[in-house]
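Participant: One structure, pasted below without further comment.
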Amino acid sequence: MNPAAVFVLMLGIGIPLTFIKSVILNVVVSSVCLAYLLFCKVKPKTLLTMLLVALPLAFGSYVSQRFYASHDQVHIAWIYATRIIAYLNLGATLTLPNSVENILFNLAEHLNFSKTFVYGMLSSFNMIHTIRVQWKRIRYSALVRGERYRLFQPALYLRIIVVSLNLSGDLAQAMTSQGFSEGFPRSRYEKDELPVWQWLLVSILIVSYVACAIIFKPW
Amino acid sequence: MTSLRLADVTFSYDDCEGPIVENFSYELDEGTISLISGPSGCGKSTVFKLMAGLLPQYGGKILSGKVLLENAEIESVVPFERAKRVAMLFQNPNRQFAMKTVFSQFVFALENLQLDHQEIEERINDALKRFELEDFKDRNLQELSGGEQQRIALALVYSLKSSVILLDEPFANVDPENRSKLLEDLKRLQKEQRKTILISDHDSSGYFGIVDHWYRFSSQGFVEKDVNELKTREQQPKVIGMPKNDARLFWDDLGFEVSKRKLLSNSSFCLPTGQIGLLSGKNGCGKSTLFACLCKLHEKTGKITFDQKDSDKIKLSKWAKNVGCAFQNSLDQFIKLTVEEEILASRKNTRHKDYWSEERIQKAIKALNLTGIMKHSVYRISGGQQKKLQLLVMLIMAQPILLIDEPFAGLDQESLEVSCSLLKETVENLQLSVLLISHQRVRVVSFMDYEISLENGILKEVSA
Numbered sequence: 001m002n003p004a005a006v007f008v009l010m011l012g013i014g015i016p017l018t019f020i021k022s023v024i025l026n027v028v029v030s031s032v033c034l035a036y037l038l039f040c041k042v043k044p045k046t047l048l049t050m051l052l053v054a055l056p057l058a059f060g061s062y063v064s065q066r067f068y069a070s071h072d073q074v075h076i077a078w079i080y081a082t083r084i085i086a087y088l089n090l091g092a093t094l095t096l097p098n099s100v101e102n103i104l105f106n107l108a109e110h111l112n113f114s115k116t117f118v119y120g121m122l123s124s125f126n127m128i129h130t131i132r133v134q135w136k137r138i139r140y141s142a143l144v145r146g147e148r149y150r151l152f153q154p155a156l157y158l159r160i161i162v163v164s165l166n167l168s169g170d171l172a173q174a175m176t177s178q179g180f181s182e183g184f185p186r187s188r189y190e191k192d193e194l195p196v197w198q199w200l201l202v203s204i205l206i207v208s209y210v211a212c213a214i215i216f217k218p219w
Numbered sequence: 001m002t003s004l005r006l007a008d009v010t011f012s013y014d015d016c017e018g019p020i021v022e023n024f025s026y027e028l029d030e031g032t033i034s035l036i037s038g039p040s041g042c043g044k045s046t047v048f049k050l051m052a053g054l055l056p057q058y059g060g061k062i063l064s065g066k067v068l069l070e071n072a073e074i075e076s077v078v079p080f081e082r083a084k085r086v087a088m089l090f091q092n093p094n095r096q097f098a099m100k101t102v103f104s105q106f107v108f109a110l111e112n113l114q115l116d117h118q119e120i121e122e123r124i125n126d127a128l129k130r131f132e133l134e135d136f137k138d139r140n141l142q143e144l145s146g147g148e149q150q151r152i153a154l155a156l157v158y159s160l161k162s163s164v165i166l167l168d169e170p171f172a173n174v175d176p177e178n179r180s181k182l183l184e185d186l187k188r189l190q191k192e193q194r195k196t197i198l199i200s201d202h203d204s205s206g207y208f209g210i211v212d213h214w215y216r217f218s219s220q221g222f223v224e225k226d227v228n229e230l231k232t233r234e235q236q237p238k239v240i241g242m243p244k245n246d247a248r249l250f251w252d253d254l255g256f257e258v259s260k261r262k263l264l265s266n267s268s269f270c271l272p273t274g275q276i277g278l279l280s281g282k283n284g285c286g287k288s289t290l291f292a293c294l295c296k297l298h299e300k301t302g303k304i305t306f307d308q309k310d311s312d313k314i315k316l317s318k319w320a321k322n323v324g325c326a327f328q329n330s331l332d333q334f335i336k337l338t339v340e341e342e343i344l345a346s347r348k349n350t351r352h353k354d355y356w357s358e359e360r361i362q363k364a365i366k367a368l369n370l371t372g373i374m375k376h377s378v379y380r381i382s383g384g385q386q387k388k389l390q391l392l393v394m395l396i397m398a399q400p401i402l403l404i405d406e407p408f409a410g411l412d413q414e415s416l417e418v419s420c421s422l423l424k425e426t427v428e429n430l431q432l433s434v435l436l437i438s439h440q441r442v443r444v445v446s447f448m449d450y451e452i453s454l455e456n457g458i459l460k461e462v463s464a
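Those protein sequences? They're chains A and B, same order as listed. Everything in the first sequence is counted per UniProt numbering, starting at 1 for the first residue and increasing by one. Everything in the second sequence is counted per UniProt numbering, starting at 1 for the first residue and increasing by one.
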């Protein structure tokens with residue numbers, strides 16, 4: 001499915017999921033997402049790692065509700081635990097089968113996300129190496145002065161902001177000199193189609209999910 | 001053909017005291033290659049960015065005059081229209097790519113020009129073929145060397161079909177082999193396509209026979225010089241002296257690479273105490289990376305020892321107490337907000353509290369002409385003031401080993417002499433080991449005790 005449609009689906013299910021108190025529906029959402037991810041040929045090992053990472057969080061959530069919820073402790077505990085897994089799987093349906101580039105381009109094309117935002121995000125992903133080098137330098141600059149940056153020090157964040165501004169300024173100038181013009185149309189070398197049936201499917205899935213929760217109120 | 005000129009332009013950055021470019025007029029001679037040389041900080045980059053229409057969009061303001069592209073003010077031309085006429089290559093090649101691969105970067109630029117699928121494909125293939133870069137099509141840009149990145153950037157500019165190409169210090173991160181390849185490419189573009197090319201370089205060697213005009217920023221202002229002088233350029237002054245044997249920092253069988261390119265191998269050296277060494281070598285040869293290795297900030301092979309202790313066995317925080325580094329970009333150095341706080345921070349943690357008395361520090365502040373800016377933010381003072389402050393705070397720290405990268409860039413003659421004297425005095429009095437990178441040699445080498453040069457992956461002593 002097109003990442004833009006998956007994005008809408010993720011929000012359309014994710015937001016009501018916060019309010020709907022149903023373990024069964026959480027499990028259904030998680031299962032459908034996992035099935036979709038396997039269908040998209042995401043490696044089972046990746047999925048397993050993802051679930052293992054989420055397990056302690058789900059367990060923590062379960063324990064806190066099991067012992068401290070004001071009422072219906074077992075039910076609430078299961079809702080919270082399965083909700084975390086459902087959120088994770090929903091997010092994974094967007095991020096695991098698609099590259100960052102693919103997601104951002106489709107959001108711009110089909111959901112009118114700002115192109116400046118899209119290319120800004122893309123370049124920051126592509127600049128991770130440069131940022132790593134800068135981070136080492138910032139750390140060393142404090143050490144050679146007999147000081148050490150702590151995570152809570154505003155001075156550290158000021159340095160990071162200055163470095164980021166310099167990096168982004170350089171890149172923005174390069175992009176402008178290559179013709180990038182804010183607010184003007186661009187052509188697209190490759191267009192990802194988003195057929196109507198995908199919008200229909202997304203709408204049906206969201207409506208069925210919410211309707212099911214309201215009408216049947218499953219456990 | 002595209003006409004581009006600056007008409008009596010006076011330009012100032014917001015945070016600068018005075019205009020960086022004053023009543024400047026210049027018109028590009030169409031279909032020629034011109035070279036602008038001059039010391040760092042003289043305003044070359046500003047002029048280039050004005051001509052590319054990037055200033056004042058990205059800072060500063062034009063106080064008077066105009067920049068005219070085909071007789072229209074360049075600011076009023078939309079970037080995608082501008083890019084069809086004027087394109088620019090930047091000093092730092094890896095900061096000019098927004099995309100991951102060579103192909104996607106080309107697509108990004110050509111989509112900006114609103115070209116269709118077929119036209120984009122044709123232009124990419126044509127550009128890559130012309131510059132013999134077909135094998136690079138799907139390569140990751142961040143994995144290419146500086147020289148390869150600049151060649152890709154040039155091919156990209158070619159694909160935009162811009163008739164004016166501005167190259168701002170394009171060889172700063174490029175090895176000699178790629179530098180000559182790039183120069184050949186440029187000459188070909190001028191001859192075959194009648195492109196107008198303007199290059200800025202603080203080093204004017206190697207341009208004889210390539211450029212048609214040579215301009216120089218100097219104390220007399222912006223003047224055109226005879227290109228034949230490029231052939232018999234003044235001999236660079238040499239350092240007289242040799243390194244002593246007394247040392248605390250050694251390296252043995254040292255090697256490192258950048259972007260999968262081996263820049264140094266099997267190097268052994270001991271950094272003499274009480275002396276200042278000049279580390280020379282062409283742009284992109286790995287001088288700054290050598291400093292990064294000595295500071296444990298870059299992967300290396302081989303061994304570095306301080307007082308016979310292996311660097312790998314010493315924690316970074318402890319290592320930094322003995323091996324200080326003044327980075328090329330002053331803003332990478334500062335850890336406090338104001339000039340005063342910076343100096344206080346160094347004084348608090350100096351290795352030589354007795355030597356750096358209040359009186360001595362005040363004397364140094366006065367000599368460096370920093371007195372009037374003590375309360376100013378380090379981010380708002382001029383580039384020259386930042387350089388002087390950076391040198392002072394590192395000299396106050398006085399680590400036994402001090403590596404200084406381009407401390408004199410953009411300094412006027414007086415500041416240069418004061419900085420050199422202060423450095424020399426401190427090194428002699430505290431018996432520090434200093435290794436310094438400086439492209440500026442005139443008025444600097446007399447303060448140096450020895451020179452080592454990094455060339456084609458080999459570090460060797462230079463004897464005058």
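Idealized CB from N, CA, C, for every residue including glycine.
#1: Please confirm whether B/Thr-305 and B/Gly-255 have their CB atoms less than 7 Å apart.
#2: Can you confirm whether the region 43-50 of chain A touches the region 66-84 of chain A when touching is taken to mean that 3 or more C-beta pairs between the two stretches lie within less than 8 Å?
#3: Measuring CB to CB, does B/Gln-275 end up less than 7 Å from B/Asp-412?
#4: With burial defined as no fewer than 16 other Cβ atoms inside 10 Å of the residue's Cβ, what is the status of B/Glu-132: buried or exposed?
#5: Mark B/Ile-124 as exposed unless 16 or more other C-beta atoms lie within 10 angstroms of its C-beta, in which case mark it buried.
#6: When the distance is taken between beta carbons, is B/Asp-253 closer than 7 Å to B/Asn-266?
#7: Within this structure, are the beta carbons of B/Ile-381 and B/Ser-346 separated by less than 7 Å?
#8: Is the distance from the Cβ of B/Met-374 to the Cβ of B/Val-418 below 7 Å?
#9: My understanding is that B/Val-223 touches B/Leu-35, with C-beta atoms under 8 Å, so please give their C-beta distance in whole angstroms.
#10: Near A/Arg-159, what residues of its chain come up, given a Cβ to Cβ distance below 7 Å and the 5 sequence neighbours on each side ignored?
#11: Anyone know if the C-beta pair for B/Ile-437 and B/Asn-322 falls short of 7 Å?
#12: Starting from the N-terminal side, write out each stretch of the beta strand (DSSP E) that is 3 residues or longer and does not extend beyond the region 159-230 of chain B.
#13: What would DSSP say about B/Gly-277, mapped onto helix, strand or coil?
#14: How about B/Phe-90 and A/Ala-174: do their beta carbons lie closer than 7 Å?
#15: For B/Arg-85, count neighbouring Cβ atoms within 10 angstroms of its own Cβ and tell me buried if that reaches 16, exposed if not.
#16: Please name the residue or residues paired with B/Asn-429 in a DSSP beta bridge.
#17: Would you say the region 141-159 of chain A touches the region 307-323 of chain B, given that touching needs at least three Cβ pairs under 8 Å?
#18: Should the region 109-119 of chain A be called in touch with the region 175-194 of chain A, which here means at least 3 C-beta pairs below 8 Å?
#19: Closer than 6 Å by C-beta to A/Cys-40: which residues in its own chain qualify, once you throw out the five before and the five after it? Chain order, please.
#20: Going straight from the alpha carbon of B/Arg-216 to that of A/Leu-107, what length do you get?
#21: Contact between the region 352-363 of chain B and the region 189-196 of chain A is defined here as three or more beta-carbon pairs at a separation below 8 Å; is this criterion met?
#22: Which residues, in chain order, does the region 75-86 of chain B contribute to contact with chain A at a C-beta distance below 9 Å?
#23: Where does B/Val-434 sit, in a helix, a strand or coil, going by DSSP?
#24: Using three-state DSSP, classify B/Asp-307 as helix, strand or coil.
#25: Between B/Gln-150 and the rest of its own chain, which residues show a CB-CB distance below 8 Å, the 5 nearest in sequence each way excluded?
#26: Can at least three beta-carbon pairs, one atom from the region 327-343 of chain B and one from the region 280-287 of chain B, be found at a separation below 8 Å?
#27: Buried or exposed: where does A/Ala-35 fall if 16 or more other Cβ atoms within 10 Å of its Cβ makes it buried?
#28: Need the endpoints of the beta strand (DSSP E) that B/Phe-24 sits in, please.
#29: How far does the alpha helix (DSSP H) with A/Thr-116 in it extend, from its first residue to its last?
#30: Does DSSP classify B/Val-67 as helix, strand or coil?
#31: With distances taken from CA atoms, which of B/Asn-71, B/Ser-64, B/Leu-454 and B/Leu-4 is nearest B/Lys-262?
#32: Beta carbons nearer than 7 Å to chain A: which residues of the region 367-392 of chain B have them?
#33: Listed from N- to C-terminal order along the chain, which residues in the region 136-166 of chain A have their beta-carbon within a distance smaller than 7 Å of any beta-carbon of chain B?
#34: Determine whether the beta carbon atoms of residue 526 of chain B and B/Leu-63 lie at a separation below 7 Å.
#35: Let me know the alpha helix (DSSP H) ranges lying completely inside the region 357-440 of chain B, each 4 residues or longer, listed in chain order.
#36: Got a sec, what are the start and stop residues for the alpha helix (DSSP H) A/Glu-101 sits in?
Facilitator: On the basis of the supplied data:
#1: The count along the second sequence starts at 1 and reaches residue 305 of chain B at position 305. The count along the second sequence starts at 1 and reaches residue 255 of chain B at position 255. Result no, Cβ atoms of B/Thr-305 and B/Gly-255 do not sit closer than 7 Å.
#2: They do not touch, by the three-pair rule.
#3: In the second sequence, the residue the question calls residue 275 of chain B occupies position 275. In the second sequence, the residue the question calls residue 412 of chain B occupies position 412. Not in contact: B/Gln-275 and B/Asp-412 (Cβ atoms no closer than 7 Å).
#4: By one-based count along the second sequence, residue 132 of chain B stands at place 132. Exposed, because fewer than 16 other Cβ atoms sit within 10 Å of the Cβ of B/Glu-132.
#5: Taking the second sequence and counting its residues from 1, the one referred to as residue 124 of chain B is at position 124. Buried is the call here.
#6: Numbered from 1 along the second sequence, position 266 holds the residue referred to as residue 266 of chain B. Numbered from 1 along the second sequence, position 253 holds the residue referred to as residue 253 of chain B. Yes, these two residues count as a Cβ contact at 7 Å.
#7: Residue numbering aside, residue 381 of chain B sits at position 381 when the second sequence is read from its first letter. Residue numbering aside, residue 346 of chain B sits at position 346 when the second sequence is read from its first letter. For B/Ile-381 and B/Ser-346, no; Cβs fall outside 7 Å.
#8: Numbered from 1 along the second sequence, position 374 holds the residue referred to as residue 374 of chain B. Numbered from 1 along the second sequence, position 418 holds the residue referred to as residue 418 of chain B. Cβ atoms of B/Met-374 and B/Val-418: not closer than 7 Å.
#9: The residue given as residue 223 of chain B occupies position 223 in the second sequence. The residue given as residue 35 of chain B occupies position 35 in the second sequence. That pair is no contact at about 13 Å.
#10: In the first sequence, the residue the question calls residue 159 of chain A occupies position 159. Correct list, in chain order: Ile-138.
#11: For the purposes of this step, residue 437 of chain B is taken as residue 437 along the second sequence, with counting starting at 1. For the purposes of this step, residue 322 of chain B is taken as residue 322 along the second sequence, with counting starting at 1. Not a contact, by the Cβ cut-off of 7 Å.
#12: 164-168, 196-200, 213-218 and 221-225
#13: Mapped onto the second sequence, residue 277 of chain B falls at position 277. Here B/Gly-277 sits in strand by DSSP.
#14: The residue labelled residue 90 of chain B in the question sits at position 90 within the second sequence. The residue labelled residue 174 of chain A in the question sits at position 174 within the first sequence. Yes, the pair counts as a contact, with Cβ atoms nearer than the cut-off.
#15: Taking the second sequence and counting its residues from 1, one reaches residue 85 of chain B at position 85. In summary, B/Arg-85 is buried, with 16 or more beta-carbon neighbours lying within 10 Å of its beta-carbon over all protein chains present.
#16: Position 429 of the second sequence, counted from the start, is the residue given in the question as residue 429 of chain B. Per DSSP, none; premise fails for B/Asn-429.
#17: For the pair of segments examined, the region 141-159 of chain A was found to touch the region 307-323 of chain B: the number of CB pairs separated by less than 8 Å reaches three.
#18: yes
#19: Sequence index remark: in the first sequence, residue 40 of chain A carries index 40 (1-based). So the qualifying residues of the chain are Pro-97.
#20: Here residue 216 of chain B refers to the residue found at position 216 when the second sequence is read from its first residue. Here residue 107 of chain A refers to the residue found at position 107 when the first sequence is read from its first residue. The straight-line gap from Cα to Cα measures roughly 49 Å.
#21: no
#22: The region 75-86 of chain B vs chain A, Cβ under 9 Å: Val-78, Pro-79, Phe-80, Glu-81, Arg-82, Ala-83, Lys-84 and Val-86.
#23: Taking the second sequence and counting its residues from 1, the one referred to as residue 434 of chain B is at position 434. Correct three-state label for B/Val-434: strand.
#24: Walking along the second sequence from the start, residue 307 of chain B turns up at place 307. In the structure shown, B/Asp-307 falls within a coil segment according to DSSP collapsed to helix, strand and coil.
#25: The count along the second sequence starts at 1 and reaches residue 150 of chain B at position 150. Taken in chain order, the residues that qualify are Leu-89, Pro-93, Pro-170, Phe-171, Asn-173, Val-174, Asn-178 and Leu-182.
#26: In the pairwise beta carbon analysis, the region 327-343 of chain B is classified as not touching the region 280-287 of chain B: fewer than three pairs are separated by under 8 Å.
#27: The count along the first sequence starts at 1 and reaches residue 35 of chain A at position 35. Flag for A/Ala-35 reads exposed.
#28: As a first step, residue 24 of chain B is located in the second sequence; it is residue number 24 there, counting from the start. Its beta strand (DSSP E) spans residues 21-27.
#29: Looking up residue 116 of chain A in the first sequence gives position 116. Run containing A/Thr-116: 115-126, per the alpha helix (DSSP H) assignment.
#30: Reading the second sequence from its first residue, position 67 is the one you call residue 67 of chain B. If DSSP states are grouped into helix, strand and coil, B/Val-67 belongs with the strands.
#31: To locate residue 262 of chain B, count along the second sequence from 1; it is residue 262. The shortest Cα separation from B/Lys-262 among B/Asn-71, B/Ser-64, B/Leu-454 and B/Leu-4 belongs to B/Leu-454.
#32: Tyr-379
#33: Result list: Lys-136, Arg-137, Tyr-140, Ser-141, Ala-142, Leu-143, Val-144, Arg-145, Gly-146, Glu-147, Arg-148, Ala-155 and Val-162.
#34: In the structure displayed, chain B extends from 1 to 464; residue 526 of chain B sits before or after that span and is not available.
#35: 358-367, 383-397 and 413-430
#36: For the purposes of this step, residue 101 of chain A is identified with residue 101 of the first sequence, where counting begins at 1. In the DSSP assignment, A/Glu-101 falls within the unbroken alpha helix (DSSP H) covering 100-111.
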